[in-house]
Amino acid sequence: MAYEALYRRYRPSRFQDAFFGQDHVVAALRNAIEGDRVGHAYLFSGPRGTGKTTSARILAKALNCTDLQGGEPCNECDSCLAFQAGGSYDLHELDAASNNGVDAMRDLIGKVALGSPGRTKVYILDEVHMLSSGAENALLKTLEEPPPHVVFVLCTTEPNKVVPTIRSRTQHLEFSLLSASQVGDLIDHVVGDAGIEITPEDRQYVIRAGGGSARDTLSALDQVVAAGGAPQGGEHLEALFQSLIDRDAAQALTAIDGALQAGRDAASIGTSLLHELRTVFLAAMRADLGHLPEAERDRAVARAASMPPARITRAIEVIGTSIIEMRQAPDPRVDLEVAIMRLTRADLDTNPAALVERLEAIESQLTGGAPIVAPVPVPAPAAPAIAQPTPSRAPDPAPVAVAPSPPQAPQPAPAPAPQAPQPAPQAAPSGGRRGADIVRAELVKQGITSAPPVTTAEAAPEPSAPAPAP
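According to this note's numbering, the residues represented by the sequence shown are 3 to 472, in order.
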């Protein structure tokens, strides 16, 4: 008998068998089956290896099972046995990646209305985002109003590429990657049931290689079992990352050569390094690392403390760009080595981000990791006062005798200037001194400031005529 891969041997046949981490999907499908509220079209989306196609097959089996048990297929009736053998006429799978034209959709639509032995005929379209525009338009009407006995299940890893007109006609269920503990439980279950022996180091490698995908995890476990242990070259990747921290260009080139000699290619080395840099970046940003084993979490935290965030983000940018360029490079190894040199020798990189990184490194060396603070100016001390000599006082000059001036003849007084005749003042009103004050104020107002104060209510006498000049 041919060997059956672990991911095929342990493919779930009922909802309760596995689906670690997909409890929300299992609950939704079970409730729909038990309550007879199954939709006419579903869209299953999520990363690869998370159970989309498998859950669609279990749904088709349950819809045609003659002895349902709590929303689960019995796996014993003729319909369930036909599904397990892969010969049921009630299940039709179509790979939309290779059958993505209008003709394939027209052929499918022509068979939809035909009857089937079971109660429900289920069509599974895998990688539905690969359909052409014409095929999508041809499917729309049938997807919106299929026959009563037909259910469509569309599976995709990229739901954003599915046109909104198709998404709006389906019930969307999202599958997620498994956490590190869930992947560990899956490995322990398979290892115990299959009688496989692996070391703790091999188990950690399988968890890391699986990346949260159940299928990838079991494929990595198959590889470890076949090779008798985890692939070699892991220590070279550790040395390569340490060389980035230490900025040791020679050690980095040696680590790359060792990993290549161990069978790794340049693209896989760059991808592994990029994944580790992302983990360190998450640790530096204090993000949740619950999906990682404890040993890897501690290592990521320690590495994050050894690299400033600017260096981590710069390394992610450089390695990511290098991986893209490797696809068209004649020698991917050269691209990887140049990228590593730019990260270990900042003086070889003229990118502004590299200059910022160098400035941060200088700042860290000057301050021991503390941010640089502008110095506070210190006032200069006041200069001591210098005693100035008191100038000597000059002697007072002797008094000068002044001869008495001869007496001068008296000068005649100048003739007074003729004055304009003044208006006769109004008689002061009765009232004593108050009336006199009012009259005087009126005279002052008219410019006659030399008028004598009036103390009586009698009219002032007429002014005398000016005396003639001598």
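Don't be surprised by glycine CBs; every beta carbon is placed ideally from N, CA and C. Every value quoted in this text rests on a predicted model; they were computed, and no experiment measured them.
Next item on the list: Note the first and the last residue of the continuous alpha helix (DSSP H) segment covering valine 27.
Entry: Segment 25 to 36, the alpha helix (DSSP H) holding valine 27.
Residues bridged to glutamine 173 (per DSSP) | In the DSSP output, where bridge partners are listed per residue, glutamine 173 has Tyr44.
- Task: For histidine 151, name the three-state secondary structure that DSSP assigns.
- Result: Note: histidine 151 maps to coil in three-state DSSP.
Could you pull out every residue in the same chain whose Cβ sits closer than 8 angstroms to the Cβ of alanine 251, ignoring the five residues on either side in sequence?
-> Result list for alanine 251: Ser245, Ile342, Met343, Thr346 and Arg347, in chain order.
Burial state of threonine 457 (16 or more Cβ within 10 Å): For threonine 457, the pLDDT reaches just 48, beneath the cut-off of 50, and the residue's location in the model is therefore unreliable, although a value from the coordinates is still provided. Flag for threonine 457 reads exposed.
Would you grab the beta carbon distance between leucine 145 and valine 124 for me? Rounded to a whole angstrom, and I think it's under 8 angstroms. Taking the Cβ atoms as the reference, leucine 145 lies roughly 14 angstroms from valine 124, outside the contact range of under 8 angstroms.
Requested in this report: Give me the Cα-Cα distance between proline 130 and serine 215, rounded to the nearest whole angstrom.
Outcome: A small fix is needed here, since residue 130 is valine in this sequence, not proline. For valine 130 and serine 215, the gap between their C-alpha atoms comes out near 20 angstroms.
Work out the CA separation of arginine 313 and valine 227 for me, nearest whole Å. The straight-line gap from Cα to Cα measures roughly 38 angstroms.
Which residue marks the beginning of the alpha helix (DSSP H) containing aspartate 128, and which one marks its end?
Run containing aspartate 128: none in the alpha helix (DSSP H); it sits in the beta strand (DSSP E), 123 to 128.
| task | Specify the secondary structure class of leucine 133 as computed by DSSP and reduced to three states. | result | Leucine 133: coil per DSSP, three-state reduction.
Between tyrosine 487 and threonine 56, what straight-line distance do the alpha-carbon atoms span, to the nearest angstrom? Since the first and last residues shown for the chain are 3 and 472, residue 487 lies out of range.
_Validate contact between the region 175 to 190 and the region 137 to 152 using beta carbons, cut 8 angstroms, 3 pairs_ = Contact between the region 175 to 190 and the region 137 to 152 is absent: fewer than 3 CB-CB pairs across the two stretches fall below 8 angstroms.
Review point. Where does aspartate 195 land, buried or exposed, given buried means 16+ other C-beta within 10 angstroms?
Key: Flag for aspartate 195 reads exposed.
Open item on the list: So the candidates are Asn162, Thr68, Gly41 and Gly103; which of them puts its Cα closest to the Cα of glycine 48?
Closed with: The shortest CA-to-CA distance from glycine 48 to any of Asn162, Thr68, Gly41 and Gly103 is the one to Asn162.
What are the start and end residues of each continuous alpha helix (DSSP H) run of 4 or more residues lying completely inside the region 214 to 302, in chain order? For secondary structure counted as the alpha helix (DSSP H) over 4 or more consecutive residues, the region 214 to 302 holds these complete runs in sequence order: 216 to 229, 236 to 248, 251 to 263 and 268 to 286.
Which residue comes first and which comes last in the alpha helix (DSSP H) that contains leucine 83? Looking at the DSSP string, the run of the alpha helix (DSSP H) that includes leucine 83 is 80 to 87.
Classification of proline 148 by the beta-carbon crowding that lies within 10 angstroms, buried from 16 upward
Label assigned to proline 148: buried.
For this session: Mind the definition here: the region 265 to 275 touches the region 286 to 305 only if three or more C-beta pairs lie below 8 angstroms; say whether that holds.
Result: No: fewer than three Cβ pairs fall under 8 angstroms.
For this session: Let me know the secondary structure DSSP gives glutamate 95 once reduced to three states.
Result: Per DSSP, reduced to three states, the secondary structure at glutamate 95 is strand.
Beta carbon of alanine 306, beta carbon of phenylalanine 283: below 9 angstroms? The answer is yes: Cβ separation under 9 angstroms.
Legend entry - Unbroken alpha helix (DSSP H) run spanning glycine 72, endpoints: Glycine 72 -> no alpha helix (DSSP H), and no H or E assigned at all.
If you draw a straight line from the alpha carbon of isoleucine 318 to that of isoleucine 325, how long is it in whole angstroms?
Computed Cα separation, rounded: 11 angstroms.
- [ ] State the start and end residues of the unbroken alpha helix (DSSP H) segment that holds lysine 163.
- [x] Here lysine 163 belongs to no alpha helix (DSSP H), and DSSP marks it neither H nor E.
When DSSP builds the beta bridges, which residues end up paired with leucine 156? DSSP output for leucine 156 lists Leu45 and Leu127 as bridge partner(s).
query = Where isoleucine 258 and aspartate 267 are concerned, what is the direct C-alpha to C-alpha distance, given to the nearest angstrom?
reply = Rounded to the nearest angstrom, the two C-alpha atoms are 10 angstroms apart.
Go ahead and pull the three-state DSSP assignment for isoleucine 198.
Note: isoleucine 198 maps to coil in three-state DSSP.
Worksheet item: proline 427 by DSSP, collapsed to three states: which one?
Response: Note that proline 427 scores 49 on pLDDT, short of 50, meaning its location in the model is unreliable and no value can be drawn from it.
Distance between serine 221 and alanine 254 (C-alpha atoms, nearest Å): Counting only the Cα atoms, serine 221 lies some 30 angstroms from alanine 254.
> In terms of residues, what are the limits of the alpha helix (DSSP H) holding glycine 112?
Replying inline: It spans 104 to 114 - the alpha helix (DSSP H) in which glycine 112 sits, taken as one unbroken run.
Quick check: the Cα distance between alanine 29 and isoleucine 35, rounded to an integer number of angstroms? Roughly 10 angstroms between the two C-alpha positions.
Taking its Cβ as the centre, do 16 or more other Cβ atoms sit within 10 Å of aspartate 218, making it buried, or is it exposed?
Classification of aspartate 218: buried, given that the 10 Å Cβ count is 16 or more.
So, is aspartate 97 buried or exposed, given that buried needs 16 or more other C-beta atoms within 10 angstroms? By the 10 Å Cβ count, aspartate 97 comes out exposed.
- Given a cut-off of 9 angstroms, decide if alanine 229 and glutamate 203 are closer than it, judged by their beta-carbon atoms. Here glutamate 203 is not near alanine 229, since their CB atoms are 9 angstroms or more apart.
Following the continuous alpha helix (DSSP H) through leucine 338, name the residue where it begins and the one where it ends. Note, leucine 338: alpha helix (DSSP H), 334 to 346.
Checklist entry - With 16 as the cutoff for other CB atoms within 10 Å, does asparagine 33 come out buried or exposed? => result Exposed is the call here.
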